[in-house]
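In what follows, a single structure is set out as structure tokens and then discussed.
Next comes the structure, spelled out in structure tokens:
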């Protein structure tokens, strides 16, 4: 017998709010609806987004547009080779009047943290984000400080082949829910960009269309999206396939399986469904899994990218039969 899922009212509100945020971002970023949808998916999945591409294609503009679309504290960090970990997390400073040390919060104490060109900082500085991205807290001088929800890191990075970049450590990449590439715009979208952006930045006119409390409610609604045991096993099968692939020397971690399911919940909710289907996992497999994987020497010689390996695995891993109506 088919299982009937009654769509809760919160889901309708989620789709409407997500539509408002998407429209606000699209007023700044032309011709990138798929990238914007993935960005919203990561936000509602309580994850973090890594935007990778060559300079000048709108990576930072996308991050700023999302941040300005939500009425919440936003901080931006420009990553440079001389940036220190304390410049991100904060530092304890001595107050001569009280004769006590006081904690001065760093830019990570915000709902949305925009890390611009994250791979221009040293691995030591990049590691300052590990605790806050995974545990939503910061520990300085033995004292732990909780971060407010929602908390999302949107980081941009240039391709590692470019001068002055450091490759992100595996542990750092694994904490990003998804990676997306902006790509060059279509000629028509680029022409529209010249017309719209020619006089002034559209960011100056962008107003918040959602509050922090609304985003919290949306995230809570996404948590309630149903995932069957068959779909959960399918997510595990995809991850296990990467671990046994001869084209990869580092497969997907258990954290990646968890984040794939979380992202699938958000993906389903944005489609107006309160249950996850295998198609949700298939649509997200490349952006969620590929950046965590390391190709084997043979795959590198054949110039097989992890994205190609994941795409092939999605085609080969058996899809479970699900019945939901």
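In the UniProt record's numbering, the protein residues as written are 1 to 325.
Ideal placement from N, C-alpha and C gives every residue a C-beta, glycine not left out.
For residue i, I'd like the list of residues in its chain whose CB is within less than 7 Å of its CB, leaving aside the five on either flank, ordered along the chain.
i: residue 58; result: 29, 182
i: residue 311; result: 286
i: residue 296; result: 246, 247, 248, 249
i: residue 225; result: 265, 268, 269, 274, 275, 276
i: residue 280; result: 264, 267, 268
i: residue 345; result: Because residue 345 is not part of the residues shown, which for the chain are 1 to 325, the question remains open.
i: residue 192; result: 30
i: residue 219; result: 44, 46, 150
Residue i by DSSP, collapsed to three states: which one?
i: residue 320; result: coil
i: residue 100; result: strand
i: residue 234; result: helix
i: residue 56; result: coil
i: residue 314; result: helix
i: residue 247; result: coil
i: residue 2; result: Confidence is the limiting factor: at residue 2 the pLDDT is only 42, short of 50, which leaves the residue's position unreliable, though a coordinate-based value still follows. If DSSP states are grouped into helix, strand and coil, residue 2 belongs with coil.
i: residue 283; result: helix
i: residue 107; result: coil
i: residue 204; result: helix
i: residue 187; result: helix
i: residue 71; result: strand
i: residue 51; result: strand
i: residue 295; result: strand
Leaving out five residues before and five after residue i in sequence, what residues of the same chain have Cβ atoms less than 6 Å from its Cβ?
i: residue 319; result: 278
i: residue 321; result: none
i: residue 307; result: 286, 290
i: residue 112; result: 67, 74, 152
i: residue 136; result: 147, 151
i: residue 154; result: 49, 63, 114
i: residue 305; result: none
Within the continuous beta strand (DSSP E) that includes residue i, where are the two ends?
i: residue 75; result: 74-78
i: residue 90; result: 90-95
i: residue 112; result: 112-116
Taking the alpha helix (DSSP H) that residue i belongs to, which residues open and close that run?
i: residue 219; result: 212-223
i: residue 180; result: No alpha helix (DSSP H) contains residue 180, which is instead part of the beta strand (DSSP E) from 178-180.
i: residue 263; result: 254-270
i: residue 34; result: 33-44
i: residue 175; result: It is not in any alpha helix (DSSP H) - residue 175 carries neither H nor E in the DSSP assignment.
Among the residues of its own chain, which have a CB less than 8 Å from the CB of residue i, if the five just before and after it don't count?
i: residue 37; result: 22, 270
i: residue 174; result: 253, 255, 256, 292
Whole runs of the alpha helix (DSSP H) within the stretch 127-163, excluding any shorter than 4 residues = If we require 4 residues or more, the alpha helix (DSSP H) runs fully inside the stretch 127-163 come out as 130-135.
Cβ contact check for the stretch 81-96 and the stretch 117-136: 3 or more pairs under 8 Å | Touching, yes.
Could you say if the stretch 229-239 and the stretch 135-154 meet the contact criterion of at least three C-beta pairs nearer than 8 Å?
-> The stretch 229-239 vs the stretch 135-154: no contact.
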